[in-house]
Each structure stands twice: as structure tokens, then as C-alpha cells.
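Chemist:
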Amino acid sequence: MRPGAGAPPGPILTGLGVMLVAFNLRPALTTVGPLLTTIRAETGLSATGAAILTTLPVLFLGLASAAGPATIRRFGADRGILLAILIVALGLASRAVGGLGPLFFGACLSAAGIGLAGVLLPGLVKRDFPGRVGVMTGLYTSVLCLGAAAGAGLTVPLRDALEAGWALPLAAWAVPAFAAALAWLPFAVRERPEMFAAAARSKGRARFWGDPLAWQVTGFMGLQSSLAYIMFGWIPALLQSRGLSAIEAGFMASLMSIGQAPSALLIPTFAARAGDQRAYAVGLILLTLTAFLGVVYAPVSLVAPMTVALGFGLGGTFGLGLTIIVLRARDAASAAGLSAMAQGVGYSIAALGPLGFGLAHEVGKDWTLSVLLFCAIASAGMLCGLGAGRNRLVGVPA
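When you line the sequence shown up against this note's numbering, it's residues 27 to 424, in that order.
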């Protein structure tokens, strides 16, 4: 350690810092959906434009995730996370300008910050909490889901309280993001050993790209994420087409995100203790698919419990995806490298889900083709989960 460098923060402070960052990694993605119908009405945005609006952020998640190893090499994980959360905050704040240009720009910029932070956190957990991987992954994933719930459920009431259009309530979520950046600043200015900087080396990356298990992990991460981002972007519009108001649809989207928190907390903890995660992968995706069909076709009186169940399935699969990344890696270096591949490529795959879902709705004039697409993605996710959930390590012969 250089003279004058501060002592590394303890695990409790590190954990609290991770939670603050995690809370701000979803509002940028869940706040647009409840206002999407309003945005389309006020701006003339077409259904295709709306599909692109829900797709571009997920694509930028993937592009930014691929930059994770370079960020570690250049800045280190702690400074990289500070950079990421600042990008999120700036993207959110830019939406205050109003208009479709700033809306699209802010969505993509925020998503880039989210993707960068998301790829750094698994390696940081492996580094700082090697004996508590499941618990810490569950904690930050559940807090992430609570942030998603807050964004989905509070944006429309915030618009009504501010008596403003859609731009200002969307931009207001920059405030907690800037607060998280300030809270993380002490971690970024203290020197810490980068135990997983080797993940940025090209040889390590080549090992992952040639490993079938790494591709199965990537496929599971991408396909389960696709299901989640379809719901983030389209469930409010879907529910409004069933007769719910914008506030009611936003509340249901919030319920879905709240339903994610318990499973995001519990599933990683239990899955990390199991030698094999295949049953978790299949069971959670089946639950997600069943609950989604209930949201679309069950009586409206059952939409609320079905939405909670849908959230439980989505939160569980997301937490499981992150846990599998860590469990399939031998060390912190492998976790960072596998995380970059699984999230970089995975989110690029996931980006096709919201776009395809929206285009299928426009072509079919109802939700039938969209539902069939959702079922196909879920089925492919189960197949990848059967491979990714095996008790093996990436880069180690079976």
C-alpha cells in the first residue's frame, strides 16, 4: 500500500456500499414502462419506436458489460464501480431535457453504466466475500429488485405529485444514483489490491470463449434476462390493454419487482449450497412461464397474485444466473472474466427479447405472437440451465 493510502474498508461497510449501488441498477429500466403509454400519446412514438426504446438499453447493457475487463485493468474494480454509477446518474439526469432524443440517449447511457457495474460486482463479491458468495449475491440482487420495484411503482405517483409531464419524474431518479456515487467515493479513493485484474488478459478471455460450459452459462444468463426485460418494458402496456389504469398497471409492475426480492435473496443462498443447480433453473423458469400465462389470460381478479409469482420466478432466475457465474468460476479472476462474457454476450441476446415481443404485438395486433415468443425464450433458457447448472468449473476438463 502506498504511504497515505487509506486502509481497506471492512466487510460491513463494503456490503452496505454494494447495496446502495445495487438499488440504483434498475430504476432506469423500470421507470419508462409505466409511462410508456403516456409517452407514446404525447410524442407520437410508434409501436416500433416503443419496441426500440425497450430494446436499446438492454443492448447497451451488453456492450458495456464487455468493457468490464478493460475497466478493471485501467481503473480497478472499486473505481470502475464509481465510474459506472456516475454514468447511470448522468443518463437519468439527461432525461429532464424532455423529448424523444434525450429519452433515448438517457436510456442508453444509463444502461451502459448499469451493464458496467453489473459485470464488476460478481468479481468484487468473489474477492471480498469468498466464504459468503451466496448470501452476498442474494442480498445485492434483492436490493436491486427493490430498486426496480421503487422505479416501477413510484414514477406515476411522482409525476402526479410534481404535476409535471413524463420527463421530470423520469429524471428524478438521478438523485438516489448521485447519492450512491457519493457513498461509494471513499471506496474508490482508497487503494485496494486487484486480485482479479488478470481477467482482463486476452488468454483468460480466450479460454472462456472456447468453453462449452461458459457458453451455457452465457445462454442461461441472456435468456432469463430476456424474459425479465420483456416484462420490465411491456407488462404495464399489457396490463393496460386488459383494462387497468396507468397507476394500477404501474402498481402491478411494482408488485412484480417486489416479488423478485425474496427469491433473489433466498435462491442464491440455497443454490450456492447445492452441488447442482439444474433443478433450480428448470423449476424457476417453469414458474415464470406459468405466472406469465396467468397474467395474460387469467381473470383480472387473479392478476395481482400472478404478478407476484411472476416476479418471484424472475428474481429467482436472475439471482441464480449471477450465482452460477460465481460458482462455475475457479477464483475471482475467472469470475470477472466469465461475468464479462456471460453479461456482455448475454445482454446482447436479451436485447432481442423486448424488440421481438413488441414487434410481434404490432404484427399480430394482439398478444398471441408475443406470448409464443416468450414461451420459446423460456424453453431455450431451460435447456441452457440444464447445462449451466452442472457441478463443473469453466476451464477445467470434466
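Ideal Cβ placement from N, Cα and C applies to all residues, glycine included.
1) Which first and last residues belong to the alpha helix (DSSP H) in which TRP241 is found?
2) May I ask which residues mark the beginning and end of the alpha helix (DSSP H) holding LEU340?
3) Since I believe ALA366 is in contact with ALA115 (beta carbons under 8 Å), could you give me their beta-carbon distance rounded to a whole number of angstroms?
4) Which residue wins for smallest C-alpha separation from GLN266, given the options VAL321, LEU126, SER252, GLN286?
5) Report yes if the C-beta distance between ALA174 and ARG52 is below 7 Å; otherwise report no.
6) Do you know how far the Cα of VAL326 is from the Cα of ALA206?
7) Report the three-state DSSP secondary structure of VAL420 (helix, strand or coil).
8) Quick test of your reading: VAL151 and MET162, contact by CB under 8 Å. State the CB separation rounded to the nearest angstrom.
9) Taking one C-beta from the stretch 122-136 and one from the stretch 70-81 each time, how about it: are there three or more such pairs within less than 8 Å?
10) Quick one: what does DSSP say ALA414 is sitting in, helix, strand or coil?
11) Could you check whether LEU346 and ALA297 sit closer than 7 Å to each other, using their CB atoms as the reference points?
12) Got a sec, what are the start and stop residues for the alpha helix (DSSP H) GLY320 sits in?
13) At what residue ranges does the stretch 29-100 contain a whole run of the alpha helix (DSSP H), taking only runs of 4 or more?
14) For GLY230, does the count of other Cβ atoms within 10 angstroms reach 16, so buried, or fall short, so exposed?
15) Would you check if there are 3 or more beta carbon pairs closer than 8 Å linking the stretch 189-198 to the stretch 106-114?
16) According to the Cβ coordinates, are VAL420 and ILE350 closer than 7 Å?
17) Compare the C-alpha of LEU61 against each of LEU39, GLY276, ARG268 and name the closest.
18) Looking at the unbroken alpha helix (DSSP H) that takes in GLU388, where does it start and where does it end?
19) Take the Cβ of ARG1 as the centre, count every other Cβ of all protein chains shown within 10 Å, and call the residue buried at 16 or more, exposed below.
20) Of all the alpha helix (DSSP H) runs that stay within the bounds of the stretch 168-215, which reach a length of 4 or more residues?
21) Where does PRO156 fall in DSSP's three states?
22) Excluding sequence positions up to five away, which residues of its chain have a Cβ less than 7 Å from the Cβ of ALA119?
23) Taking 6 Å as the limit between beta carbons, can you name the residues of its chain near ALA414, skipping five residues before and five after?
24) If you measure from the beta carbon of SER72 to each beta carbon in chain D, is any gap under 7 Å?
25) Can you tell which of ARG304, GLY191, PHE338 has the C-alpha that lies nearest to the C-alpha of PHE318?
26) Over what stretch of residues does the alpha helix (DSSP H) that includes LEU118 continue unbroken?
27) Assuming TYR166 contacts LEU147 under a Cβ cut-off of 8 Å, what Cβ separation, rounded to an integer in Å, is found between them?
28) Taking the CB atoms as reference points, tell me whether SER168 and ALA287 lie closer together than 7 Å.
29) Mind checking which residues open and close the alpha helix (DSSP H) that includes GLY285?
30) What separation, rounded to the nearest whole angstrom, lies between the Cα atoms of PRO128 and GLY70?
31) Could you tell me which of ALA362, THR56, GLN369, PRO380 sits nearest to ARG153, measuring between CA atoms?
Modeler: Here's the rundown:
1) Taking the sequence shown and counting its residues from 1, the one referred to as residue 241 is at position 215. 238-267 is the extent of the alpha helix (DSSP H) around TRP241.
2) Residue numbering aside, residue 340 sits at position 314 when the sequence shown is read from its first letter. In the DSSP annotation of this structure, the continuous segment of the alpha helix (DSSP H) that includes LEU340 starts and ends at 329-353.
3) The residue given as residue 115 occupies position 89 in the sequence shown. The residue given as residue 366 occupies position 340 in the sequence shown. At roughly 23 Å, the Cβ-Cβ gap does not stay under 8 Å, so ALA115 and ALA366 are not in contact.
4) What you label residue 266 is simply residue 240 of the sequence shown in a count that begins at 1. For GLN266, the nearest C-alpha among the options comes from VAL321.
5) Against the sequence shown, residue 174 aligns to sequence position 148. Against the sequence shown, residue 52 aligns to sequence position 26. Taking 7 Å as the cut-off, the beta carbon of ALA174 is found closer than this to the beta carbon of ARG52.
6) For the purposes of this step, residue 206 is taken as residue 180 along the sequence shown, with counting starting at 1. For the purposes of this step, residue 326 is taken as residue 300 along the sequence shown, with counting starting at 1. Taking the straight line from one Cα to the other gives about 38 Å.
7) For the purposes of this step, residue 420 is taken as the residue at position 394 of the sequence shown. VAL420 falls in the coil class under three-state DSSP.
8) One-based indexing of the sequence shown puts residue 151 at position 125. One-based indexing of the sequence shown puts residue 162 at position 136. At roughly 5 Å, the Cβ-Cβ gap stays under 8 Å, so VAL151 and MET162 are in contact.
9) Remark: three or more beta-carbon pairs, one from each stretch, lie closer than 8 Å, so the stretch 122-136 and the stretch 70-81 are flagged as touching.
10) Residue numbering aside, residue 414 sits at position 388 when the sequence shown is read from its first letter. ALA414 falls in the helix class under three-state DSSP.
11) On the sequence shown, position 271 is the one that residue 297 refers to. On the sequence shown, position 320 is the one that residue 346 refers to. Taking 7 Å as the Cβ cut-off, ALA297 and LEU346 qualify as a contacting pair.
12) In the sequence shown, the residue the question calls residue 320 occupies position 294. Where GLY320 is concerned, the enclosing alpha helix (DSSP H) stretches over 304-323.
13) Fully enclosed alpha helix (DSSP H) runs of 4 or longer: 37-49, 53-56, 62-69, 73-91.
14) Taking the first residue of the sequence shown as position 1, residue 230 is located at position 204. Caution applies to GLY230, whose pLDDT of 49 falls short of 50 and renders its modelled position unreliable; the value that the coordinates give is listed next. Residue environment for GLY230: buried (at least 16 other C-beta atoms within 10 angstroms of its C-beta).
15) Judged by Cβ distances under 8 Å, the stretch 189-198 makes no contact with the stretch 106-114, as fewer than three pairs qualify.
16) As a first step, residue 420 must be located in the sequence shown, where it is residue number 394. As a first step, residue 350 must be located in the sequence shown, where it is residue number 324. With contacts defined by Cβ atoms closer than 7 Å, VAL420 and ILE350 do not form a contacting pair.
17) The count along the sequence shown starts at 1 and reaches residue 61 at position 35. Looking at the Cα atoms, GLY276 is the closest of the given residues.
18) Translated into positions along the sequence shown, residue 388 becomes position 362. Note, GLU388: alpha helix (DSSP H), 378-390.
19) Nothing can be reported for residue 1: it is not among the residues displayed for the chain, which extend from 27 to 424.
20) For the stretch 168-215, whole alpha helix (DSSP H) runs of length 4 or above, ordered along the chain, are 193-197, 200-215.
21) On the sequence shown, residue 156 is found 130 positions in, with the first residue counted as 1. The answer is coil: DSSP assigns PRO156 none of H, G, I, E or B.
22) What you label residue 119 is simply residue 93 of the sequence shown in a count that begins at 1. Closer than 7 Å at Cβ, skipping near neighbours: ALA197, ALA200.
23) Here the question's residue 414 lines up with position 388 in the sequence shown. Non-local C-beta neighbours of ALA414 in its own chain, meaning closer than 6 Å and more than five positions away in sequence, comprise GLN242, VAL243, PHE246, ILE350, ordered along the chain.
24) No chain D is present in this structure, which holds just one protein chain.
25) Your numbering for residue 318 matches position 292 in the sequence shown. Of ARG304, GLY191, PHE338, the residue nearest in Cα terms is PHE338.
26) Here residue 118 corresponds to residue number 92 of the sequence shown, with the count starting at 1. Membership of LEU118 in the alpha helix (DSSP H) is indicated by the continuous run 103-120.
27) Residue numbering aside, residue 166 sits at position 140 when the sequence shown is read from its first letter. Residue numbering aside, residue 147 sits at position 121 when the sequence shown is read from its first letter. The pair is a contact, with the Cβ atoms about 7 Å apart (cut-off 8 Å).
28) Translated into positions along the sequence shown, residue 168 becomes position 142. Translated into positions along the sequence shown, residue 287 becomes position 261. One thing to note: SER168 has its Cβ within 7 Å of the Cβ of ALA287.
29) For the purposes of this step, residue 285 is identified with residue 259 of the sequence shown, where counting begins at 1. In the DSSP annotation of this structure, the continuous segment of the alpha helix (DSSP H) that includes GLY285 starts and ends at 272-299.
30) Taking the sequence shown and counting its residues from 1, the one referred to as residue 128 is at position 102. Taking the sequence shown and counting its residues from 1, the one referred to as residue 70 is at position 44. Roughly 15 Å between the two C-alpha positions.
31) The residue labelled residue 153 in the question sits at position 127 within the sequence shown. Comparing alpha-carbon positions, the option among ALA362, THR56, GLN369, PRO380 lying closest to ARG153 turns out to be ALA362.
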